[in-house]
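Asker: Here's a structure for you.
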Amino acid sequence: MIAKPTFPDLLHAPGAQIGKPVSRVDGRLKVTGAAKYAGEFNVPGLLHGYIVSSTIAKGRITRIDTSAALKVPGVVQVFTHENRPSLAWFDRKWKDQDAPKGSPFRPLHDDRIVHSLQPVALVIAESLELARYGARLVEVEYEAEPHQTDLHANRENTFTPGKDKGGFEPPPPPRGDADKALADADVTVDLEFTQAAEYHNPMEMHASTVLYGEDGTLTVHDKTQGALNSQTYICNVFNLSKSQVRVVSPFVGGAFGSGLRPQHQLFMAVLAATELKRSVRVELSRPQMFSFGHRPETIQRVALGASKDGTLQAIIHEAVQESSQFENYVEIVVNWSGQQYRCDNVRLDYKLSRLDLHTPLDQRAPGAATGVPALEIAMDELAYKLGMDPVELRLKNYTDIDPNSGNPFSSKELRACFRQGAERFGWSGRKLEPRSMREGRELIGWGMAAGVWDAMQGQANARAVLGLDGKLTVASATADIGTGTYTVMTQIAAEVLGLPIEDVTFNLGDSSLPMAPIEGGSWTVSSVGSAVKAVCDMVRGRLVKLAGKMEGSPLGDAAEEDVVFADGHMSLRGDPSKRVAIVEVMRASGTQSIEEEARSIPYYLKRSKHAFGTHSAIFAEVRVDEDLGTVRVTRVVSAIAAGRIINPKTARSQILGAVVWGMGMGLEEEAMLDHRLGRVMNHDLAEYHVPVNADVHDIDVIFVEEHDDVVNPLGAKGVGEIGIVGVPAALSNAIFHATGVRVRDLPITVDKIRKGMR
Amino acid sequence: MPDTITDRVPHAPDTLAITLTVNGVERTLNLAPWTTLLDTLRLHLDLTGTKKGCDHGQCGACTVLVDGKRINSCLSLAVMQEGKEITTVEGLARGEQLHPMQEAFIEHDAFQCGYCTPGQICSAVGLLSEGKAKSADDVRELMSGNICRCGAYPNIVAAIEQVLGGDRR
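Same order as they appear, the protein sequences are chains H and E. Take the working numbering: the final residue in the first sequence is number 758, and no numbers are missing along the way. Take the working numbering: the final residue in the second sequence is number 1169, and no numbers are missing along the way.
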């Protein structure tokens, strides 16, 4: 189902584009191999870089010998901390839009090693093979120092961070007295949850191709979620002006947060290109994809207290996460626990422990993906103690007001998610009792959980040019990491001006385009979509004026609100026979084109009086082999409330993919560290398990109707993250229902289930 | 002195002239024998439709068809492929007319970022000619060598089933 229209013209016009399941406008380029990604721009004389990675986790480099590598014909140069040029000094120059508090990592800065797999040298050669070969010949000797990479051993060695990263507020002050309320409650659960670190591992490994212009300008093809973010970073670090650096990234082979910060391959490629005055590509290997940010390992405590009727009396949520020695990465995993249910006594606490690892990095639904499952498994356990249906318990404690801020949600159709999801799944026939369903050797279980994510918006600009031929080009420096940005922006523009999709082109991924923020946090439709709407509204106003000036204008002097735009025509509301083609208006006007640029700014005032969120209810069926403990996820229903859905086809794909991510987080993904070496041991795609096709069965996505005219002019909230949140909890709860075994340690692997079943 | 790798530095290898038939076109190249088929396609023939996702034969992004059979091009050296018909994603369409598998992938939104897509499509085309996939479960199993991190699997299966169904008719 599609959310109701917010504006009279939108959706009512014949041929409306918003809400239509339009196929991706970039689909043809992607299925023919014509879409070019960062590491695919080939030019004659391109040099190739290969990075040498540290084999220790902490210490210093005592000797680095590049002579053997340099002897190989075709190896051009080897860069290390010993021969790098002088670069920006102050930390602020190394910061990017997603940098937390601290001193950003500086590649090849000095002899210090701060994490395993840290880049220590860059070999540049005439071919990729020679660069890789040269990298093997670089000899590095280290003086290792004792390192700490074990969060469990360091769980008491913590500190409380502040507002150390954009988009994340520290936990609100306690409400009531949660510890006393817990002690006094009729029914309680008090549980510990643990979760392994996860690595983003987009299919495209991070790559940057820097094309060195004859005039010394750089055209940088970077794998990034923000072309402007990379451009600013390069300019600041290498002391270049913006006119000297253009960053282009029309296609990004997945990112999930890994492209929110400039990664070290970008630094390396620019370093080599500017020093050698040649075009250079640096691409990471798959093991090197484990050398930077990741979803941090986490230890959590969730304690809930309730009265006998299921009314929540106390919520305590405490979390400890890893951060690096040099930055305070925060994702405040506990805050959603104060927001999701009505409860008078709440205490939320969030701490960091510094480890000798690279700084973590936002990964799909950062914070919520980690914290909400802990809350939602605890809710399930509470439901069992109360002998209450898990959906009933959630409805019992439902809130339309965000208890953290006291503000009402601008919209929250989570009740409808529970109802429609349960109905589609067939939840009503469920017996509460575990081990109540089986087929042959398989125990069958049904579990559910709720999910929540924010609905943020940032400032963004967009430019629109309408040509004499009636074709519209809209542009903004945002990104499409597979999210469907090209397609939904095209739809929004086509909708406002009543044009066929084929007559609209949307350009993105280029630092020369109007400003857009980094693409993350599900805020791109909200931020950039609002700018696209705003700029197309301006073009529309211009067209109405021009139509009024036409000789014998069929629209007369109609006001803008009396003109309907559809099928490439403008017509009078109330009298569709009075119409004129947009191309005719353009021709009659004597202008060559209409050009406008607009900035969209969030409704700060309205926003300050509301809370914003997307919500979900997830229902899952698992089948667990009684002897082997293997889990098959046979059915998932995900009911989503995310405002108006611009494109139900691409939005559904976002949710499907996020459910698959939830399955990875719940059952498979786990960075396995050998703490003796301080190193991730399973640093490739054979050993770091992600879901494959055979792991995924039926996933049913429901978009419930949700009307919102506060969140932004589109009423759309974004769907990139909400689909993952809560999925691991629904799986854990379903596994309990199947087997009677509770696993609170993600991922839920066979060994943990078998241990419980013995 | 210990026998370190430095003591054994060999020179960069000489190149060999090899002839490959890619998408019906014969190309002669001078390549170091250690060059993989994947890097040959991407770097020497500028056929960047074939993707590198791991370089270890673990992800399937580099899948191409060799004499109609799907292989991981990162696990094959170019010199091993002389005299064979190599088909990459760029060679599936007939002019403007997309291969039915490409059409089905667009229609079913069987991709998001698009990076694994050429490998998925080549793998699916290979799967068709193998004739082993009789059910959706077979498709899931036989397509599990191609990782899609965006998680488009249900749509990939739907797209392949559509083309399989067409073949059955």
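Each residue gets a CB set at the ideal place from its N, CA and C atoms; glycine is no exception.
Threshold first: 4 residues or longer. Then list the alpha helix (DSSP H) segments lying entirely within the region 239-320 of chain H, N to C.
Answerer: Correct list: 264-276.
Asker: Could you check whether E:Asp-1109 and E:Asn-1155 sit closer than 8 Å to each other, using their CB atoms as the reference points?
Answerer: It is a contact, given that the beta carbons lie within the stated cut-off.
Asker: Check distances from the C-beta atoms of the region 24-51 of chain H to those of chain E and list, in chain order, the residues that come in under 8 Å.
Answerer: So the list reads Arg-24, Asp-26, Gly-27, Arg-28, Leu-29, Lys-30, Val-31, Thr-32, Gly-33, Ala-34, Ala-35, Lys-36, Tyr-37, Gly-39, Glu-40, Asn-42, given in the order they occur along the chain.
Asker: Quick check: what's the CA-CA separation for H:Arg-342 versus H:Gln-459?
Answerer: Taking the straight line from one Cα to the other gives about 32 Å.
Asker: Could one say the Cβ of E:Cys-1054 lies closer than 8 Å to chain H's Cβ atoms, at least one of them?
Answerer: Yes, its Cβ sits closer than 8 Å to a Cβ of chain H.
Asker: Which residues in the same chain have their Cβ closer than 7 Å to the Cβ of H:Thr-149, if we skip the five residues on either side of it in sequence?
Answerer: The residues are Ala-57, Leu-355, Asp-356, Leu-357, Leu-673, His-675, Gly-678.
Asker: List the residues of chain H whose Cβ lies closer than 7 Å to the Cβ of E:Asp-1014, in chain order.
Answerer: Per Cβ cutoff of 7 Å: no residues; E:Asp-1014 is ~11 Å from chain H at best.
Asker: Which word fits H:Glu-561, buried or exposed, when buried means at least 16 other C-beta atoms lie within 10 angstroms of its C-beta?
Answerer: It is exposed - the Cβ of H:Glu-561 has fewer than 16 other Cβ atoms within 10 Å.
Asker: Check each candidate in H:Pro-390, H:Glu-322, H:Met-550 and name the one with the smallest Cα separation from H:Trp-427.
Answerer: Ranking the options by Cα distance to H:Trp-427, first place goes to H:Pro-390.
Asker: Would you give the residue range spanned by the alpha helix (DSSP H) that H:Ile-492 belongs to?
Answerer: Where H:Ile-492 is concerned, the enclosing alpha helix (DSSP H) stretches over 485-497.
Asker: For E:Asp-1067 and chain H, any beta-carbon pair shorter than 8 Å?
Answerer: Answer no: the Cβ-Cβ gap between E:Asp-1067 and chain H never drops below 8 Å.
Asker: Counting contacts by CB-CB distance shorter than 8 Å, is E:Thr-1048 in contact with chain H?
Answerer: So, interface residue.
Asker: Residues in the same chain with beta-carbon distance under 6 Å from H:Met-456, minus the five sequence neighbours each way, listed in chain order, please.
Answerer: Excluding positions up to five away in sequence, the list reads Gly-521, Trp-523.
Asker: If the cut-off is 7 Å on Cβ atoms, which residues from the region 1100-1116 of chain E count as contacting chain H, listed in chain order?
Answerer: If the cut-off is 7 Å between Cβ atoms, the region 1100-1116 of chain E has Gln-1102, Phe-1105, Ile-1106, Glu-1107, Asp-1109, Phe-1111, Gln-1112, Cys-1113, Gly-1114, Tyr-1115, Cys-1116 near chain H.
Asker: I want to verify the contact list: residues of chain H whose CB lies under 8 Å from the CB of E:Leu-1098, in sequence order.
Answerer: Neighbours of E:Leu-1098 on chain H, chain order: Arg-28, Val-31, Thr-32.
Asker: Pick out the complete beta strand (DSSP E) segments inside the region 1064-1096 of chain E, 3 residues or longer, and give them in chain order.
Answerer: You should have 1069-1072, 1085-1087.
Asker: Once the 5 residues before and after E:Cys-1148 are set aside, which same chain residues still bring their CB inside 6 Å of it?
Answerer: Cβ within range, chain order: Cys-1116.
Asker: Taking three-plus beta-carbon pairs below 8 Å as touching, is the region 220-231 of chain H in contact with the region 187-199 of chain H?
Answerer: With a cut-off of 8 Å, the region 187-199 of chain H and the region 220-231 of chain H do not count as touching, because too few Cβ pairs lie within range.
Asker: Please determine whether the Cβ atom of H:Gly-482 lies at a distance below 7 Å from any heavy atom of the ligand SAH.
Answerer: The model on display carries no ligand, and the ligand SAH is accordingly not part of it.
Asker: Should H:Gly-293 be labelled buried (16 or more other beta-carbon atoms within 10 Å of its own) or exposed?
Answerer: With 16 or more Cβ atoms within 10 Å of its Cβ, H:Gly-293 is classed as buried.
Asker: Once DSSP output is grouped into helix, strand and coil, what is the label at H:Ile-699?
Answerer: Reduced to three states, the DSSP call for H:Ile-699 is strand.
Asker: Could you name the residues of chain E that H:Asp-684 contacts, counting a contact when the two beta carbons are closer than 7 Å?
Answerer: Under the 7 Å cutoff, chain E gives Cys-1054, His-1056, Gln-1058.
Asker: Just to confirm, are H:Gly-254 and H:Ile-518 a CB contact at a threshold of 8 Å?
Answerer: Contact flag unset, no.
Asker: How many angstroms separate the CA atom of H:Val-334 from the CA atom of H:Ala-531?
Answerer: Approximately 32 Å between the Cα atoms of the pair.
Asker: How many angstroms separate the CA atom of H:Pro-104 from the CA atom of H:Phe-267?
Answerer: Cα to Cα, H:Pro-104 sits roughly 13 Å from H:Phe-267.
Asker: Compute the Euclidean distance between the alpha carbons of E:Ile-1086 and E:Ala-1061, then round it to the nearest angstrom.
Answerer: Distance between the alpha carbons of E:Ile-1086 and E:Ala-1061 is about 16 Å.
Asker: Considering only residues of the same chain and omitting the five flanking positions on each side of H:Lys-4, which have a CB-CB separation below 7 Å?
Answerer: Reliability fails at H:Lys-4, whose pLDDT of 33 lies under 50, so the model's placement of it is uncertain and no value is given.
Asker: Less than 8 Å between CB atoms is the rule here; does H:Pro-73 satisfy it with respect to chain E?
Answerer: Answer yes: the Cβ-Cβ gap between H:Pro-73 and chain E drops below 8 Å somewhere.
Asker: Return the bridge partner residues of H:Arg-623 from the DSSP annotation.
Answerer: According to DSSP, which records beta bridges pairwise, H:Arg-623 is partnered with H:Ile-444, H:Arg-632.
Asker: Helix, strand or coil: which one does DSSP assign to H:His-737?
Answerer: Of the three classes helix, strand and coil, the one that applies to H:His-737 here is helix, per DSSP.
Asker: For H:Thr-6, I'd like the list of residues in its chain whose CB is within less than 6 Å of its CB, leaving aside the five on either flank, ordered along the chain.
Answerer: Low confidence applies here, because H:Thr-6 scores a pLDDT of 39, under 50, leaving its location unreliable; read the following figure in that light. Cβ within range, chain order: Asp-709, Gly-715.
Asker: Show which residues of chain H have a CB atom less than 8 Å away from the CB atom of E:Leu-1043.
Answerer: Within 8 Å Cβ-Cβ: Asn-42, Ser-127, Leu-128.
Asker: Using the beta-carbon count (16 or more within 10 Å), is H:Thr-650 buried or exposed?
Answerer: Counting Cβ neighbours within 10 Å, H:Thr-650 comes out buried, since at least 16 surround it.
Asker: Could you list which residues in chain E have their beta carbon closer than 8 Å to that of H:Met-489, in chain order?
Answerer: The premise fails here: H:Met-489 is roughly 16 Å from chain E at the closest Cβ pair, so nothing lies under 8 Å.
Asker: Can you tell me whether H:Ala-183 is buried or exposed, with buried defined as 16 or more other CB within 10 angstroms of its CB?
Answerer: H:Ala-183 comes out exposed.
Asker: List, from N- to C-terminal side, the beta strand (DSSP E) runs of 3 residues or more that fit wholly inside the region 653-731 of chain H.
Answerer: The region 653-731 of chain H contains these whole beta strand (DSSP E) runs: 698-703.
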